[in-house]
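A.B. asks: Input: one structure, supplied below.
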Amino acid sequence: MTSVKPILLILLLFASPALLWCQTDDEENDSLTADVPTITEYEKYNKILGGDSVRYCNGQPCKGLVKDFYPNGNSKHRGYYVDGRIETTYKNFYENGQEEREFVVKSFKTSTMVIYYPDGKKLSEIEYLLGEPVYWTDYYPDGQVEYTEKYNNSGEYILFRNFYYRNGQAQSTLTLINKKENIFEKIEYFPSGSVKEKGQMLYNRSLGDYQKTGVWITYNEKGEVVSQEHYYKNKLIEGENDE
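So this note's numbering is basically just the index in the sequence shown, starting at one, shifted up by 100.
Below, the structure is given as structure tokens:
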């Protein structure tokens with residue numbers, strides 16, 4: 101299952117590629133090394149979320165608490181490793197000392213990730229079930245919610261997916277209304293809050309795609325109907341313009 105929002109994370113979860121200090125609690129290592137991973141590269145060691153890489157410390161798979169540092173002495177990463185892979189919790193930090201993310205295993209099935217902007221404000225909150233994201237929220241730099249989505253417990257399909265303007269108004273909503281038939285209601289809004297377009301979407305499981313179906317109505321900002329169109333599997337069958 102793939103969320104639409106990780107693109108935002110790729111743009112924001114940056115880090116300096118400078119040489120870093122690496123140290124473990126099991127065995128001290130105070131030599132500079134150029135092969136310590138950048139912030140985003142720690143994800144490949146996260147066994148819970150599907151990472152399959154093994155990290156080595158002094159020629160052996162890392163174990164216990166591993167600490168990485170920037171050249172200025174600030175913490176870069178702290179994580180607990182078992183056989184070279186993260187299996188419980190870890191934190192990453194920006195070079196300015198601000199926490200960049202925290203991953204925590206809550207139980208055998210559940211875990212959470214909180215990711216921050218460099219100034220300390222929340223960027224994302226993610227809840228996982230058996231390694232799959234089932235609830236995801238992204239925030240604008242001012243703290244307003246930008247995006248939120250929730251999946252069913254198997255992670256197979258969404259229950260809702262909402263985008264918001266910076267002013268807090270909903271930009272678009274996608275909500276499951278018929279589980280048996282895989283039918284969703286989609287509504288798009290103007291920044292003022294009035295409805296811009298609405299209709300139904302069919303989730304095509306074989307394609308993993310949401311397709312327009314049935315009648316779709318478009319409105320102007322006054323709430324007047326502009327057009328009505330009929331769709332079947334994303335293909336326009338007929339339509340009429342009311343202007």
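All C-beta atoms, glycine included, are put in the ideal place defined by N, C-alpha and C.
If we define contact as Cβ-Cβ less than 8 Å, is LYS296 a contact residue for chain D?
C.D. replies: Of the chains in the structure shown, none is chain D; there is only one protein chain.
A.B. asks: From SER294, ASN334 and TYR156, pick the residue whose C-alpha is nearest to that of ASN320; which is it?
C.D. replies: Among SER294, ASN334 and TYR156, the Cα nearest to that of ASN320 is on SER294.
A.B. asks: For the beta strand (DSSP E) holding LEU230, just list the boundary residues, first then last.
C.D. replies: Segment: none, LEU230 is in no beta strand (DSSP E) and carries neither H nor E.
A.B. asks: Mind pulling the beta strand (DSSP E) runs of 3 or more residues that sit fully within the segment 143–218?
C.D. replies: Qualifying beta strand (DSSP E) stretches, in chain order: 164–169, 175–182, 185–193, 199–205 and 210–216.
A.B. asks: Pull up the distance between the alpha-carbon of VAL234 and that of VAL214, whole angstroms please.
C.D. replies: Cα-Cα distance, rounded: 14 Å.
A.B. asks: Along the beta strand (DSSP E) that carries ILE139, what are the first and last residues, could you check?
C.D. replies: Premise fails: ILE139 is in no beta strand (DSSP E) and is neither H nor E.
A.B. asks: Could you pull the start and end residues of the beta strand (DSSP E) that ASN282 belongs to?
C.D. replies: Note, ASN282: premise wrong, no beta strand (DSSP E); not H, not E.
A.B. asks: May I ask you to list the residues that DSSP assigns as paired with ASN262?
C.D. replies: Paired residues: THR248 and THR273.
A.B. asks: Quick one: is ILE258 buried, meaning 16 or more other Cβ sit within 10 Å of its Cβ, or exposed?
C.D. replies: The residue in question, ILE258, is buried, as its Cβ has 16 or more Cβ neighbours within 10 Å.
A.B. asks: Terminal residues of the continuous beta strand (DSSP E) containing SER294?
C.D. replies: Note, SER294: premise wrong, no beta strand (DSSP E); not H, not E.
A.B. asks: Since TYR319 is in the beta strand (DSSP E), which residue starts that stretch and which ends it?
C.D. replies: Unbroken beta strand (DSSP E) run through TYR319: 309–319.
A.B. asks: Can you tell me which of TYR156, GLY159, TYR170 and VAL154 puts its alpha carbon nearest to the alpha carbon of ILE139?
C.D. replies: Minimum Cα distance to ILE139 is reached at TYR170.
A.B. asks: With a cut-off of 8 Å, do at least 3 Cβ pairs link the segment 174–187 to the segment 156–165?
C.D. replies: As far as the Cβ criterion goes, the segment 174–187 touches the segment 156–165, which means the pair count is three or higher.
A.B. asks: Nearest-angstrom Cα distance between VAL205 and THR188?
C.D. replies: Rounded to the nearest angstrom, the two C-alpha atoms are 5 Å apart.
A.B. asks: Would you list the one or two residues that DSSP bridges to GLY299?
C.D. replies: Partner(s): LYS286.
A.B. asks: What does the Cβ neighbour count give for TYR156, buried or exposed, with the cut at 16 atoms within 10 Å?
C.D. replies: TYR156 is exposed by the Cβ-count criterion.
A.B. asks: I need the straight-line Cα distance from TYR264 to GLU256, nearest angstrom please.
C.D. replies: If you take the alpha carbons of TYR264 and GLU256, they lie about 24 Å apart.
A.B. asks: Relative to the C-alpha of LYS167, which residue among GLY220, TYR190 and GLU338 is closest?
C.D. replies: For LYS167, the nearest C-alpha among the options comes from TYR190.
A.B. asks: I need the DSSP call for TYR240, collapsed to helix, strand or coil.
C.D. replies: Three-state DSSP puts TYR240 in coil, outside helix and strand.
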